[in-house]
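Colleague:
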Amino acid sequence: MKSLDELKKLREKAQETIRLREQTEGTKIIVGMGTCGIAAGAREVMLALVDELQKKNLADVVVTQTGCAGLCEKEPLVEVVRPGQPKITYGYMTPEKARQMITSHIVNGQVIGEYVIAREDTVS
Amino acid sequence: MRELALHILDLTQNSLRAGAQLIEVEILEDVGLDSLVITIRDDGCGMEQALLERVLDPFTTTRTTRKVGLGLPLLRMAAERSQGKLSISSTPGQGTVVTASFQHSHIDRMPLGDMPGTMLAVMASNPTVDIVYRHRVNDRVWEVDTRVIKAEVGDEALTLPVVIQWLKSYLEQGKKYLDGGALLDEISG
Chain U
0 MKSLDELKKL REKAQETIRL REQTEGTKII VGMGTCGIAA GAREVMLALV DELQKKNLAD
60 VVVTQTGCAG LCEKEPLVEV VRPGQPKITY GYMTPEKARQ MITSHIVNGQ VIGEYVIARE
120 DTVS
Chain W
0 MRELALHILD LTQNSLRAGA QLIEVEILED VGLDSLVITI RDDGCGMEQA LLERVLDPFT
60 TTRTTRKVGL GLPLLRMAAE RSQGKLSISS TPGQGTVVTA SFQHSHIDRM PLGDMPGTML
120 AVMASNPTVD IVYRHRVNDR VWEVDTRVIK AEVGDEALTL PVVIQWLKSY LEQGKKYLDG
180 GALLDEISG
């Protein structure tokens, strides 16, 4: 049974995670959540990303959302921003592709070329 | 859109773009009164009267990447199709309130859909924004307020896997409770 009291117990565990995070550099995953993205299934993609990060305990990766990027026909869109690397945009995402992307790109550093629809060469 | 939950997700994105720091999502279901009312209230930048008058027109949008904005018109259509209506009030600098009502039993009323997933997506991807989800079904109420979670765990609570895992279960538990599951005694006890 989940209750608010349980949260208090999570506090210590949470602070440990924050300490660990401070030593690693942040990666940001951005999901397009405009009307177009949502209609194309962005919520399920977002939930798969959140779930996979939680399963792999990747506390230093932040998932966030943005509005329509103007590529509505290629939604759901997922952007990956890593310090010192060009921004990668994946298109036509599904929950399965999203999980695959976490393992391949986020964990192993291998961009999945066939899902990429744009690369921004300005290094962030 | 196949679920009202997806419309709610869409409107929270509008609130976020308006710079909201607090978003309240309230769903009131009353089977006796045969009504379902969704209210989304934010403290974002709000809209001037002129924009407010045009905002339900699908060819109105504040963005520059394209010429259409379909979020609100689609929700209005969904409400009107099931004997309901959509209303918006907004004050520049103070925020916006969108209310959509539906006849609960209407055959064309879209199912509510995956509210736990929708709220999890919004809360987990906007850890710095305060979000309140309040859902009442007849006399049962479930509320999740991210300010409470942050007060217990710390400001970064919603970026942490352990907390998100807890939140996911808590939201799913709420759905069971609201659907009339046998959780009442366990929860109060």
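Quick mapping for you: the protein sequence lines, in order, are chains U and W.
If you count by numbering that gives the first Met the number 0, then the first sequence holds residues 0 to 123, one letter each, in order.
If you count by numbering that gives the first Met the number 0, then the second sequence holds residues 0 to 188, one letter each, in order.
All residues carry an ideal CB built from backbone N, CA and C; glycine is no exception.
Being a predicted model, the structure only gives us computed values, none of them experimental.
1) Need the endpoints of the beta strand (DSSP E) that Gln102 of chain W sits in, please.
2) Kindly indicate the opening and closing residues of the alpha helix (DSSP H) around Leu157 of chain W.
3) Let me make sure I understand the geometry here. Which of W:Leu8, W:Ala4, W:Thr158 has the alpha-carbon closest to that of Thr234 of chain W?
4) Return the Cβ separation of Gln14 of chain U and Gly153 of chain W in integer angstroms, given the expectation that the two are a contact with Cβ distance under 8 Å.
5) Hey, how far is the Cα of Gly31 of chain U from the Cα of Leu111 of chain W?
6) Considering only residues of the same chain and omitting the five flanking positions on each side of Arg118 of chain U, which have a CB-CB separation below 8 Å?
7) Nearest CA to the CA of Ser89 of chain W: which residue from W:Ile39, W:Leu5, W:Ser124, W:Ala150?
8) Reducing DSSP to helix, strand and coil, say where Lys84 of chain W ends up.
9) For Thr11 of chain W, does the three-state DSSP call read helix, strand or coil?
10) I need the DSSP call for Arg108 of chain W, collapsed to helix, strand or coil.
11) Please classify Val136 of chain W as buried or exposed, where buried requires at least 16 neighbouring CB atoms within 10 angstroms.
12) Mind checking which residues open and close the alpha helix (DSSP H) that includes Pro94 of chain U?
13) With a Cβ-Cβ cutoff of 8 Å, do Leu170 of chain W and Val131 of chain W count as a contact?
14) Tell me the start and end of each unbroken alpha helix (DSSP H) in the segment 8-58 of chain W that is at least 4 residues and wholly inside, in chain order.
15) Considering only the alpha carbon of each residue, which of W:Thr11, W:Lys175, W:Gly116 lies closest to Thr98 of chain W?
16) In the DSSP assignment, find the unbroken alpha helix (DSSP H) run with Gly146 of chain W in it and report its ends.
17) Quick one: what's Trp141 of chain W bridged to in DSSP?
18) What does a CB cutoff of less than 6 Å around Gln172 of chain W pick up in its chain, not counting 5 residues either side in sequence?
19) Can you name the start and end residues of the alpha helix (DSSP H) that Gly116 of chain W belongs to?
20) Of the residues U:Gly25, U:Leu70, U:Glu51, which one's Cα is nearest the Cα of Pro144 of chain U?
21) Check the C-beta distance from Ile29 of chain U over to Thr63 of chain U and give it rounded, since I have them as a contact under 8 Å.
22) Give me the Cα-Cα distance between Ala68 of chain U and Gly31 of chain W, rounded to the nearest whole angstrom.
23) Measuring alpha carbon to alpha carbon, tell me which of W:Asn125, W:Met76, W:Tyr176 ends up nearest Phe101 of chain W.
24) Quick check on the DSSP output: what are the complete beta strand (DSSP E) runs of length 3 or more inside the segment 23-78 of chain U, in order along the chain?
25) Measure the C-alpha to C-alpha separation of Lys27 of chain U and Val61 of chain U and round it to an integer number of angstroms.
26) Note down, in chain order, every chain W residue with its Cβ under 8 Å from the Cβ of Gly90 of chain U.
27) Between Glu243 of chain W and Lys73 of chain U, what straight-line distance do the alpha-carbon atoms span, to the nearest angstrom?
28) Can you tell me whether DSSP reads Glu2 of chain W as helix, strand or coil?
29) Less than 8 Å between C-beta atoms, sequence neighbours within five positions excluded: which residues of the same chain meet that for Gly45 of chain W?
30) Tell me Asp129 of chain W's beta-bridge partners as DSSP assigns them.
Modeller: So, to answer that:
1) Numbered from 1 along the second sequence, position 103 holds the residue referred to as residue 102 of chain W. Element bounds for Gln102 of chain W: 94-102.
2) Locating residue 157 of chain W in the second sequence gives position 158, counting from the first residue. Neither: Leu157 of chain W is in no alpha helix (DSSP H) and is coded neither H nor E.
3) This structure does not reach residue 234 of chain W, given that chain W is present from 0 up to 188, and the question cannot be answered.
4) Position 15 of the first sequence, counting from 1, holds the residue named residue 14 of chain U. Position 154 of the second sequence, counting from 1, holds the residue named residue 153 of chain W. Between Gly153 of chain W and Gln14 of chain U the Cβ distance is about 7 Å, and since that is below 8 Å, they are a contact.
5) Indexing the first sequence from 1 puts residue 31 of chain U at position 32. Indexing the second sequence from 1 puts residue 111 of chain W at position 112. Those two C-alpha atoms are separated by around 22 Å.
6) The residue given as residue 118 of chain U occupies position 119 in the first sequence. Counting only Cβ-Cβ distances below 8 Å, and skipping sequence neighbours, we find Pro85, Lys86, Ile87, Thr88.
7) On the second sequence, residue 89 of chain W is found 90 positions in, with the first residue counted as 1. Out of W:Ile39, W:Leu5, W:Ser124, W:Ala150, W:Ile39 has the C-alpha closest to the C-alpha of Ser89 of chain W.
8) Within the second sequence, residue 84 of chain W is the residue found at index 85, counting from 1. In the structure shown, Lys84 of chain W sits in coil (DSSP, three-state: anything other than H, G, I, E or B).
9) To locate residue 11 of chain W, count along the second sequence from 1; it is residue 12. Correct three-state label for Thr11 of chain W: helix.
10) Taking the second sequence and counting its residues from 1, the one referred to as residue 108 of chain W is at position 109. Coil, per DSSP.
11) Counting from 1 along the second sequence, the entry for residue 136 of chain W is found at position 137. Classification of Val136 of chain W: buried, given that the 10 Å Cβ count is 16 or more.
12) Start at 1 with the first residue of the first sequence, and residue 94 of chain U comes out as number 95. First-last of the alpha helix (DSSP H) with Pro94 of chain U: 94-100.
13) Residue 170 of chain W sits at position 171 when you count from the first residue of the second sequence. Residue 131 of chain W sits at position 132 when you count from the first residue of the second sequence. Taking 8 Å as the Cβ cut-off, Leu170 of chain W and Val131 of chain W do not qualify as a contacting pair.
14) 48-53
15) Your numbering for residue 98 of chain W matches position 99 in the second sequence. When each option's Cα is compared against that of Thr98 of chain W, the closest is W:Thr11.
16) Counting from 1 along the second sequence, the entry for residue 146 of chain W is found at position 147. In the sequence under discussion, the amino acid at residue 146 of chain W is Arg, which differs from the Gly named in the question. Where Arg146 of chain W is concerned, the enclosing alpha helix (DSSP H) stretches over 145-152.
17) The residue you call residue 141 of chain W lines up with position 142 of the second sequence. W:His134, per the DSSP bridge assignment.
18) On the second sequence, residue 172 of chain W is found 173 positions in, with the first residue counted as 1. Closer than 6 Å at the Cβ level, and outside the excluded window around Gln172 of chain W, lies no residue.
19) Position 117 of the second sequence, counting from 1, holds the residue named residue 116 of chain W. Run containing Gly116 of chain W: 114-124, per the alpha helix (DSSP H) assignment.
20) A query on residue 144 of chain U cannot be resolved here, the shown segment of chain U reaching from 0 to 123 and no further.
21) In the first sequence, counting from the first residue as 1, residue 29 of chain U sits at position 30. In the first sequence, counting from the first residue as 1, residue 63 of chain U sits at position 64. Contact flag correct, Cβ pair sits at about 5 Å.
22) Along the first sequence, one-based indexing puts residue 68 of chain U at 69. Along the second sequence, one-based indexing puts residue 31 of chain W at 32. Taking the straight line joining both Cα atoms gives about 43 Å.
23) Residue 101 of chain W sits at position 102 when you count from the first residue of the second sequence. Cα-wise, what sits closest to Phe101 of chain W is W:Met76.
24) 26-31, 60-65
25) Numbered from 1 along the first sequence, position 28 holds the residue referred to as residue 27 of chain U. Numbered from 1 along the first sequence, position 62 holds the residue referred to as residue 61 of chain U. Looking at the two C-alpha atoms, the distance is approximately 5 Å.
26) Walking along the first sequence from the start, residue 90 of chain U turns up at place 91. Result: empty, since nearest Cβ-Cβ is about 16 Å, beyond 8 Å.
27) Residue numbering for chain W in the displayed model covers 0 to 188; residue 243 of chain W lies beyond these limits and cannot be assessed.
28) Here residue 2 of chain W refers to the residue found at position 3 when the second sequence is read from its first residue. Looking at Glu2 of chain W - three-state DSSP - the assignment turns out to be coil, as it is neither helix nor strand.
29) The count along the second sequence starts at 1 and reaches residue 45 of chain W at position 46. Closer than 8 Å at the Cβ level, and outside the excluded window around Gly45 of chain W, lie Ala17, Ser89, Thr90, Pro91, Gly92, Gln93, Gly94, Thr95.
30) The residue you call residue 129 of chain W lines up with position 130 of the second sequence. Asp129 of chain W pairs with W:Leu21.
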